[in-house]
Each structure stands twice: as C-alpha cells, then as structure tokens.
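Peer 1: Have a look at this one.
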Amino acid sequence: MSSNWGTELWDQFDNLEKHTSWGIDFLERYTKFVKERADIELSYAKQIRSLSKKYHPKRSREDESRYTWCLAFAATLRQLNEVAVQREELADNLNTQIVCELTRYTQELKTERKTHFQDGRRAQQHIESSWKQLESSKRRFERDCKEAERAQHVSDRIDLDNKTDGEKARQTAQQKQQAAEESRKDYVTSLNQFNQDQHQHYHTLVPVIYQRIQDMEERRIERICDAMRLSAEAERKVLPVVSRCLDAMMDAAESIQPRMDTRQVVEVYKSGFDPPGDVEFEDYSATMRRSISESSYLDNRTEGRRHSRKLWPFIRKNKLLTLLSSPRQPPPPPPTSPLPGGVNNSSQSPPLASREPITQRLNDLMTSGSRTRKQCLRSLKRGLSLKLGSSPADCSHLPPEQRRKKLQTRINNINQEIQREREQRDALLKMREVYEQSPQMGDAGSLEPRLEEVKQSLQRLEDELRRHQAWLLEADSRLSDHSTRRQSGGCGLNSQATTPGSSSLKQLDNRSPASRESPDGSYTEDHSAELNFKSRSSEFDDEFDDEEPLPSIGTCKSLYPFQGQNEGTLSMVEGELLSVVEEDKGDGWTRVRRNLEEEGYVPTSYIKVFLDSSAKGYVQSSRLV
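Mapping of the sequence shown onto the UniProt record's numbering: position 170 corresponds to residue 170, and the numbering continues sequentially without gaps.
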C-alpha cells in the first residue's frame, strides 16, 4: 500500500493541517512530561540527601567506629547519599539531553510547518483562481451563443416581411456570431489553462508540498522515539551505580556481627575491679562478756564503728573520696547574649566570687560544729576538686581496665608521632647530604635549626613513651595481681567455713587488697596511708554514712539553662525553681535540690538566690562558729 501523502491524500489538506497540529501538541506534552519527571527525580534526590544528613550519626567518630551495626548504618547512609547523586545526574541528563533539545526542536518544527502549509494554501488559491476564470469564460461563451442564436431567428423573420429591416437584422446577427466565436476562443483558452494548472497542481505542486509535510511528520516521530530512547538510556546509565550501592548496603548488613559488638561492649566498659567478697559475720556478743567501763565502752564504740562498714556496692561513697564526683573546673560563665526569656546577663549574672583559700576551709572544718562541719567538709572537697583541674596524666583516676586501654592508645599515638618525626629527620639528613655535595642547590647550614628542633621533639616523645610504658607496665601488673587474688580469694572462700562466732574481726582486717577496692578508683596499696586516712576521717564517718538531707535555706530561680555533664552537678532549665541547701563558698558553685530526690551543684552566676530570713542568720552564725 502506497504511503505517499501527495498521491493518496491529495484532497485532505485540512485534515493534514489538523493532524500535524495535533502532533506538535503531543511533542510539547511529552516535553513537559520529561521535564516534570526530571523535577521529581531532583526532588527525590534532595529528599534522600536530606534524610541521609538527618540520620547521620551525631556522636563522636570514636564511639561510632566501635560497633559493626553503627558502621553498617553509616555505610548505608553513604550509599544512600550516592544514590541521591545518581538521581541528580539522571535529572540533569533528562533536562539537558531531552527537555532542552525538544523545546528547541518544537520551535523549529512550528516554523517549518507554517512554511509548508503556506505554500499549500498558495497553490490552492492559484487553482481556485484558474477555475473561477474558466467558469467566467464559459458563462460568457454560453451567453454570447444564446444571443447570436436569437439574433439569427430575428433576422430570418424580418427577411420574409421587410427587406430593409432584414438587412439590419442580418448585420446584428453576424456581429453576435462574431462575439460568440471570440467567447468560444476565450473559453477554450481558459479551459486549456485550467487543465494545465490543475494537472500541475495535483501532479506536481501538491505531491511536493505534501511530501515535505510527510517528511516533517516522520522527523517529529523519530525525534520522539529518540527522546524516549535517551530517557531509558539515561536511567540505565545510573542503574549500575545504584546496583553497586545496593550491593554495598547488602554487604554492610552482612558485616554486622552481634557477638563482636557484645564483646566490644565488654572492652569499652570493663572496669577491671574485683567483685565483692562474702559478708563476714561480726560477733557482737564478745563485748557482752567483758567488763563495761568508760574506756572499754569508748574503745568498743570506736572498734565497732571502724568495722561496721558495709561493702562498697551498698553504701555511699566516702565523702573525702568523692572528690571526683564534684565539679572539677570553675563554673562556666553565663551566656554573653540575653536568652529569649529576656534575662540580661549584665544585670542578672553576678561575677564569680574569688575562690576561698583551702587553709581557711580547714580552719572552719576544725572549729565548727557538727552540722556546720559537714558543710565545711563539702566546701573543702569542692575546693580540692577545683584545684585538681584536669585528670592526672597517668590516668590513675580511671578503672584498671580502662586505664590500661587509655595508656595503650596513647602509646600507639606516640609511636606514630615518633615514626613521623624519624621520617622527617631522615629526609632532612638526606637533603643536607645533597646540599653538601651540590652547594648550588641550597645551603646545608639552613637545615640545622630544623634538625635540632626535630631531635628535641624526638627526645621529648621518647621520654613520654618511656613514661607511658612504665605506667602501662604498672597497670598490667596490678591487673594481673587482681586476677591472681580473685582466683586465690575464690578458692579460699570456698574452702573456709563462715560459721557464726568465727574470728570475723581478724578476717576483716586480713582481707586481700582487692576486696577493699571500689569502682571509684579509691583503692590504694599503701596500707599505712590507708590507716592514716581512716584515723583522720573516723571522727566523721558515722555522720556521713547515715547522712540526713540538709534543710533548705532558701530558694533559687535559674536564669539560664545548664547541662550538668560532670558527676555531682545538676542540670536545670531556664526559669526552674529549686531549693538551696548550701550557699556558695566562694568557688562559684551552689548546692541545690529538686523534689527531695535530685541534688547537685549549679553555677552561682546561673541562678538568682532568695534566702530565708532565718536561714541567713543560721548561715552567718555557722560561719562564725
């Protein structure tokens, strides 16, 4: 079947015009579809990127790198971000390769279509004009023929009646016949011209014009085909990368090892302390058989107080040994800009008071009464903790196992720094050798200051390495001693009978050092120092073992929010009302309480204190005692 529009659709000019117009509308609609799809891909990529950023781990890299599930989730987020990149690339390809090209081609197609149909209309107008001319000459020829025939009939009748009038009628008839002959000639000429124009129109002009329109339509369809193919190829181009991302997500999920993560928890939080031993029997009936005297009564009271200690899991930490639990640094300054609550820092936040000398606190401690003595002791504790500042260099404040890991990490870092310094030293020595052999390349003496600096840095790092290695050796020896004592202590406890009436006081005094150790790092192997400390603090031990909550001396209102990150501090929000149980002793901290349950220290400059009138007198009298 022939598909030539010029021969098959020679009479469908209007329908072809409508069809081509509809084809251009479809092209514009497809271009809009691709553009909207590119926008959807771009929006999807932005949302995926935002989601990945939202759930990106906020904790430190060290904590996140310990556990396989955290690493797997971080890898999944990275691959998801890569998927977003590929979606953005797909959207960019759709816009540049398809949308822009189709938009430009649509404008060109509209211009070409307009030209072709203008040529078709001109050809149509020409054939119509030739047809009108033919019709006019035909009607004129018909009219002249009829007039000539009537003139001939008139002439024939007059000849029979009157010869004079007959001559005149014959002349008129001849003239009409001549006019009809001329009209006939014009009609024949117009007919021949129309037939020629019509043949040219339907066999030359219309086929050429319609063929051009057909070629234009085929190019439009081919361009749509190319656009669809490019769209599929653009998406297929990113599919391998997306597939690799999905494979990486699968690998990340397969890399999760629950057993390893649980072991890592042990490695991170293991303290190395020994579990508490059995509770010994304390024979109080022995004192009933002894003669009661003032001296023996006091001795027994002191002896019983010394040995009435509970094991460390069931008692409060010793008050002098909880220096680590109170704030170590000076309180933070209040915010420099006013908060939304309208509190102005300059007017509401008083400057931090100067620190109270420790000697003054010791004098207050020795000369004050029982309750005031507790306050002085707490104040002394805070002053000592503020004097201590940062943690010791040997990490002795950490539990044994954590101390060993911390020291090992420091040793590894120092070894890396030493390796870098040695490489730099070797490079400088080689450069100096080159300069000595070729003076034109540089001055060898200019490298001496740098070499000396590297040597000093190496010496410092090596000294620090030896110091940390000694600390690590000490920590390892203590850990080994603890494990040995744990094994021997366990066997001894299993072999010994704990019957009531045994010499419990002797067992209590001869306990292994491991049983005296507590998780706060307060254990020391110096028995003389421990006995000296016990003798000095025994006067206050009974007061602090069963300490009652301090009475409230007033209230306070928080001016700024505070996050208590150190042990012994209390977090609060802006505008919160708290009870004041201890005034600022000059170190910038005030002891407050919330709901008779939570108690801790907050910066004095962060609160506004309202002391009771009776409490003011009590505080002043306690300071004078």
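Quick reminder that beta carbons are idealized off the backbone N, C-alpha and C, glycines included. None of these values were measured; they are calculated from a predicted model.
According to DSSP, is TRP10 part of a helix, a strand, or is it coil?
Peer 2: In this structure, TRP10 counts as coil in the three-state DSSP scheme.
Peer 1: If I'm right that ARG220 touches LEU27 with Cβ under 8 Å, what's the distance once you round it to whole angstroms?
Peer 2: With a Cβ gap of about 6 Å, ARG220 and LEU27 count as contacting.
Peer 1: To the nearest angstrom, report how far apart ALA148 and GLN200 are at their CA atoms.
Peer 2: Rounded to whole angstroms, ALA148 to GLN200 spans 36 Å at the Cα level.
Peer 1: What's the call for CYS395, buried or exposed, on a 16-neighbour Cβ count within 10 Å?
Peer 2: That one is buried.
Peer 1: With the cut-off set at 7 Å, would you say MET260 and THR76 are in Cβ contact?
Peer 2: For MET260 and THR76, no; Cβs fall outside 7 Å.
Peer 1: In chain order, what residues of the same chain have a beta carbon less than 6 Å from the beta carbon of GLN86, not counting five sequence neighbours either side?
Peer 2: VAL238, VAL241 and VAL242, listed in sequence order.
Peer 1: Between the Cα of residue 627 and the Cα atoms of LEU71, GLU462 and LYS405, which residue gives the shortest distance?
Peer 2: Look at the range of the chain in this structure, 1 to 625, and you will see that residue 627 is not part of it.
Peer 1: Figure out for me which residue from GLN563, GLN97 and LYS53 has the closest Cα to the Cα of ARG223.
Peer 2: Ranking the options by Cα distance to ARG223, first place goes to GLN97.
Peer 1: Classify GLU254 as buried or exposed, calling it buried when 16 or more other Cβ atoms lie within 10 Å of its own Cβ.
Peer 2: Label assigned to GLU254: exposed.
Peer 1: Give the single residue among ALA123, THR604 and TYR560 whose Cα lies nearest to the Cα of GLY586.
Peer 2: Considering only alpha carbons, the answer is THR604.
Peer 1: Helix, strand or coil: how does DSSP classify LEU407 here?
Peer 2: LEU407: helix per DSSP, three-state reduction.
Peer 1: Check the DSSP bridge columns for ILE607 and list the partner residues they point to.
Peer 2: Per DSSP, SER558.
Peer 1: Just grab the DSSP bridge partners of ARG594 for me.
Peer 2: According to DSSP, which records beta bridges pairwise, ARG594 is partnered with GLU598.
Peer 1: Helix, strand or coil for LEU550, going by three-state DSSP, please let me know.
Peer 2: If DSSP states are grouped into helix, strand and coil, LEU550 belongs with coil.
Peer 1: Between the beta-carbon of ARG150 and the beta-carbon of SER183, is there less than 7 Å?
Peer 2: No.
Peer 1: Taking ALA84 and GLU41 to be in contact with their CB atoms under 8 Å, please state how far apart those CB atoms are, rounded to whole angstroms.
Peer 2: At roughly 10 Å, the Cβ-Cβ gap does not stay under 8 Å, so ALA84 and GLU41 are not in contact.
Peer 1: Comparing C-alpha positions only, which one of VAL206, SER155 and ALA180 sits nearest to ALA169?
Peer 2: ALA169 has its Cα closest to that of SER155, out of VAL206, SER155 and ALA180.
Peer 1: At what residues does the beta strand (DSSP E) containing LEU578 begin and finish?
Peer 2: 577-582 is the extent of the beta strand (DSSP E) around LEU578.
Peer 1: Identify which residue in VAL34, LEU465 and LYS185 has its Cα closest to the Cα of ASP226.
Peer 2: Answer by Cα proximity: VAL34.
Peer 1: Which term fits ALA393, buried or exposed, when burial requires 16 or more other beta carbons within 10 angstroms of its beta carbon?
Peer 2: Label assigned to ALA393: exposed.
Peer 1: May I ask which residues mark the beginning and end of the alpha helix (DSSP H) holding PHE273?
Peer 2: That residue, PHE273, is in no alpha helix (DSSP H); it is neither H nor E in DSSP.
Peer 1: Write down the C-beta distance between LEU109 and MET216 rounded to the nearest angstrom, noting that I regard them as a contact closer than 8 Å.
Peer 2: Going by Cβ atoms, the distance from LEU109 to MET216 rounds to 7 Å, so yes, they are a contact pair.
Peer 1: Taking Cβ to Cβ, would you say residue 705 is nearer than 7 Å to ILE411?
Peer 2: Any property of residue 705 remains undetermined from this structure, which presents the chain solely from 1 to 625.
Peer 1: Kindly indicate which residue of GLU235, PRO275 and ASP11 has the alpha-carbon position closest to the one of GLU88.
Peer 2: Closest option to GLU88, Cα to Cα, is GLU235.
Peer 1: Comparing C-alpha positions only, which one of MET572, PRO275 and THR172 sits nearest to LYS557?
Peer 2: Of the candidates MET572, PRO275 and THR172, the one whose C-alpha sits nearest the C-alpha of LYS557 is MET572.
Peer 1: Is the separation between the beta-carbon of THR555 and that of TYR601 shorter than 7 Å?
Peer 2: Going by C-beta atoms, THR555 is not nearer than 7 Å to TYR601.
Peer 1: With 16 other CB atoms within 10 Å as the buried threshold, where does PHE562 fall?
Peer 2: Its Cβ being crowded by 16 or more others within 10 Å, PHE562 is buried.
Peer 1: Give a yes or no on whether the C-beta atoms belonging to LEU230 and ALA123 are separated by under 7 Å.
Peer 2: The answer is no: Cβ separation not under 7 Å.
Peer 1: What are the start and end residues of each continuous alpha helix (DSSP H) run of 4 or more residues lying completely inside the region 47-131, in chain order?
Peer 2: 61-64 and 68-93, all fully within the region 47-131.
Peer 1: Alpha carbon to alpha carbon, how far is GLN416 from GLN440? Give it in angstroms, no decimals.
Peer 2: Each residue's alpha carbon lies about 35 Å from the other.
Peer 1: On the criterion of 16 or more Cβ atoms from any shown chain inside 10 Å, does VAL99 qualify as buried, or is it exposed?
Peer 2: Looking at its Cβ environment, which holds 16 or more other Cβ atoms inside 10 Å, VAL99 is buried.
Peer 1: To which residues of the same chain is ILE209 closer than 7 Å at the C-beta, ignoring the five residues directly before and after it?
Peer 2: So the qualifying residues of the chain are HIS116, ASP119, GLY120 and ALA123.
Peer 1: Specify, as a first and last residue, the run of the alpha helix (DSSP H) that TYR210 falls within.
Peer 2: Per DSSP, TYR210 belongs to the alpha helix (DSSP H) from 206-254.
Peer 1: Label MET575 either buried or exposed according to how many other C-beta atoms from any shown protein chain fall within 10 Å of its C-beta, with 16 as the threshold for buried.
Peer 2: The question names Met, but residue 575 in the sequence shown is Gly. The residue in question, GLY575, is exposed, as its Cβ has fewer than 16 Cβ neighbours within 10 Å.
Peer 1: Under 8 Å: do the region 267-281 and the region 125-134 share three or more Cβ pairs, one atom per stretch?
Peer 2: Segments in contact, no.
Peer 1: Decide if ASN192 is buried, meaning its Cβ has at least 16 other Cβ atoms within 10 Å, or exposed.
Peer 2: Label assigned to ASN192: exposed.
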